[in-house]
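Participant:
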Amino acid sequence: MVKPLAAIAFALALSFAGAGPAQAQYVMDLGSLIAALRIGDFSGDIENLQKANRVYVERVSRLSGIRVSGDRLDGTVAARRRVLRYLHAIIRQVPEAMKALDRHGQTLDQVIFLTTTNDGTAMLYVDDR
């Protein structure tokens, strides 16, 4: 009887402890990334990026399905080259974003997408293949 009570007490203690600080950004799956890149409206994200105090970098080589759908991503990136040049010009002006790219060993020309949140975080997706 003591062991089940101890297990319940331990489970309750864990539930009250919380999960700790959580990363504010989630990583998109490859299909969602391709669809969002096709639309390519960064207007709200650009304003949030300029206010970002934390910038994360996600490599597309880590996304599930990149081997199968890599050609679709390449075609979408090629079609959106003009929009991406504009995005790169904006990112270049944000020191925190440039530091994040440098910290992860990535370059500005590898950035293909951006997401932000209102809590001061941003995610740069880079094509590292």
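Under the working numbering, the first residue of the sequence shown carries the number 1068, and numbering increases by one thereafter. The beta-carbon is built from N, C-alpha and C at its ideal position, and this holds for glycine as well.
1. State the start and end residues of the unbroken beta strand (DSSP E) segment that holds Y1153.
2. If you measure between the beta carbons of R1121 and T1188, is that distance less than 8 angstroms?
3. Is the CB-CB distance between E1114 and M1190 below 8 angstroms?
4. Quick check: L1168 and H1155, are their CB atoms within less than 8 angstroms of each other?
5. For the candidate residues A1119, L1100, G1107, whose alpha-carbon lies nearest to that of T1183?
6. Just to confirm, are L1151 and I1133 a CB contact at a threshold of 8 angstroms?
7. Can you list, in chain order, the residues of its chain whose CB lies under 6 angstroms from that of D1194, leaving out five sequence neighbours each side?
8. Indicate the three-state DSSP secondary structure (helix, strand or coil) for M1165 in the structure shown.
9. With DSSP as the reference, label V1135 as helix, strand or coil.
10. How big is the Cα-Cα spacing for G1172 and M1165?
11. Measuring CA to CA, which of Y1093, I1101, D1096 is closest to V1144?
12. Are there 16 or more other CB atoms within 10 angstroms of the CB of I1158, so buried, or fewer, so exposed?
13. Closest by CA to M1197, which one among D1112, L1181, D1186?
Facilitator: Walking through what the data contain:
1. DSSP places Y1153 in no beta strand (DSSP E) but in the uninterrupted alpha helix (DSSP H) bounded by 1148 to 1159.
2. Contact flag set, yes.
3. Judged by their CB atoms, E1114 and M1190 are not nearer to each other than the 8 angstroms cut-off.
4. L1168 places its beta carbon 8 angstroms or farther from that of H1155.
5. Per the Cα distances, A1119.
6. No, they are not a contact pair.
7. Result list for D1194: V1127, Q1177, I1179, in chain order.
8. Helix, per DSSP.
9. If DSSP states are grouped into helix, strand and coil, V1135 belongs with the helices.
10. When rounded, the distance between both Cα atoms is 11 angstroms.
11. For V1144, the nearest C-alpha among the options comes from I1101.
12. Buried, because 16 or more other Cβ atoms sit within 10 Å of the Cβ of I1158.
13. Because the chain in this structure spans residues 1068 to 1196, residue 1197 falls outside the shown range and cannot be described.
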